[in-house]
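Below you'll find the structure, written out as structure tokens, and then a few comments.
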Amino acid sequence: MNDQFLQNPDITESLVISSRRNFLKTIAGVSLLALGLPELSEAAIKRYPSHKTLAFQNAKTGDHLKLTYFENGRYLHDALHEINHLFRDVYNGSVHSIDTALIDQLYDLKTLMGIRKPFDIVSGYRSPHTNAKLRRRSHGVARHSLHMQGRAIDIRIEGVDVRTIRNAALSMRSGGVGYYPRSDFVHLDTGAVRTW
């Protein structure tokens, strides 16, 4: 800084007062943060766990899978590969990458509901060919279904009413939620927040 600037007593006093105020504000802020740290830490641990584990069973293939897919801040490549295979198109065996946001959505749903049972996969990835075939059979299959992008899943949980699953999924507001009580499943996707 310029020496003339510092030699002016009014300016120097103003800088000291300003610095003192900033210092006190900083101390006050740190103190408040320290007082709230246990709650903040607990919330951070719940939101950003060190590992994420899920269990699935595929209703059509009979395949079962329980695995940790996220650990120490990273997705585990081999685990995601296993999930991709489990979510495969059961009509032609084609495998597609599943959106990690969808997998996290399932983890968040499991955590919210406090369940330990596996998710029953009714429908995971669908190839465009399979989607077109299913559309010919049912008007409920969307032409541009997010199933074809690995961004949607249809699920149920043994012993849990699908209405309960739907309500929990709706409360998360993390994508589309479709409710199919007659077919006994809930659709989840990572598209826009919407419901049907």
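In our numbering, the protein residues as written are 960 to 1155.
Cβ atoms here follow ideal geometry from the backbone N, Cα and C, with glycine treated the same way.
Please read all numbers here as calculations on a predicted model, not as lab measurements.
Contact the stretch 1035-1046 vs the stretch 1056-1064: 3+ CB pairs below 8 Å: With the cut-off at 8 Å, the stretch 1035-1046 and the stretch 1056-1064 touch.
Spatial neighbours of Y1050 in its chain, beta-carbon cut-off 6 Å, leaving aside the 5 residues before and after: Here residue 1050 corresponds to residue number 91 of the sequence shown, with the count starting at 1. So the list reads T1089, once near-sequence residues are dropped.
C-beta atoms of S1009 and D1067 nearer than 9 Å: To locate residue 1009, count along the sequence shown from 1; it is residue 50. To locate residue 1067, count along the sequence shown from 1; it is residue 108. At the C-beta level, S1009 and D1067 stay beyond 9 Å of one another.
Proximity of V1145 and M1072 at Cβ, strictly below 9 Å: Looking up residue 1145 in the sequence shown gives position 186. Looking up residue 1072 in the sequence shown gives position 113. The Cβ atoms of V1145 and M1072 do not sit closer than 9 Å to each other.
Given K1076 as reference, the closest of G1150, H1023, W1155, V1152 once Cα atoms are compared: Here residue 1076 is taken as the residue at index 117 of the sequence shown, counted from 1. Checked all of G1150, H1023, W1155, V1152; the closest Cα to K1076 is H1023.
For M1107 and K1011, the rounded distance between their alpha carbons: The sequence position of residue 1011 within the sequence shown is 52, counting from 1. The sequence position of residue 1107 within the sequence shown is 148, counting from 1. So the two alpha carbons sit approximately 25 Å from each other.
Burial state of G1109, where buried means 16 or more other Cβ atoms lie within 10 Å: As a first step, residue 1109 must be located in the sequence shown, where it is residue number 150. Label assigned to G1109: buried.
Contact check, D1113 vs S1082, beta carbons under 9 Å: Position 154 of the sequence shown holds residue 1113. Position 123 of the sequence shown holds residue 1082. The answer is yes: Cβ separation under 9 Å.
For D1148, three-class secondary structure by DSSP: Numbered from its first residue, the sequence shown carries residue 1148 at position 189. It is a strand residue.
A1026 versus H1103: straight-line alpha-carbon distance, rounded: To locate residue 1026, count along the sequence shown from 1; it is residue 67. To locate residue 1103, count along the sequence shown from 1; it is residue 144. With the sequence shown as reference, residue 1026 is identified as Leu, and Ala is not the correct amino acid for it. C-alpha separation (whole angstroms): 30 Å.
Same chain, Cβ closer than 6 Å to F1046, neighbours up to 5 away in sequence not counted: Taking the sequence shown and counting its residues from 1, one reaches residue 1046 at position 87. Excluding sequence neighbours, F1046 sits near I1057, G1083, Y1084.
Spatial distance of I1080 from R1095 (CA atoms): Taking the first residue of the sequence shown as position 1, residue 1080 is located at position 121. Taking the first residue of the sequence shown as position 1, residue 1095 is located at position 136. About 22 Å.
CB of A1111 within 9 Å of CB of G1150, strictly: Indexing the sequence shown from 1 puts residue 1111 at position 152. Indexing the sequence shown from 1 puts residue 1150 at position 191. In this structure, G1150 lies closer than 9 Å to A1111 by Cβ.
As assigned by DSSP and simplified to three states, the class of S1130: Here residue 1130 corresponds to residue number 171 of the sequence shown, with the count starting at 1. Looking at S1130 - three-state DSSP - the assignment turns out to be helix.
Sequence-distant residues of the same chain with beta carbon closer than 8 Å to I1074, five excluded per side: Here residue 1074 corresponds to residue number 115 of the sequence shown, with the count starting at 1. In chain order, I1116, V1119 place their CB closer than 8 Å to the CB of I1074, counting only its own chain and leaving out the 5 sequence neighbours on each side.
Beta strand (DSSP E) runs contained entirely in the stretch 1021-1108, provided each spans 3 or more residues: Positions of the beta strand (DSSP E) runs, each at least 3 residues long and wholly inside the stretch 1021-1108, are given as 1023-1030, 1078-1082 in order along the chain.
Selection from L1147, S1130, M1131 that minimises the alpha carbon distance to Y1138: In the sequence shown, residue 1138 corresponds to position 179, counting from 1. Closest by alpha carbon: L1147.
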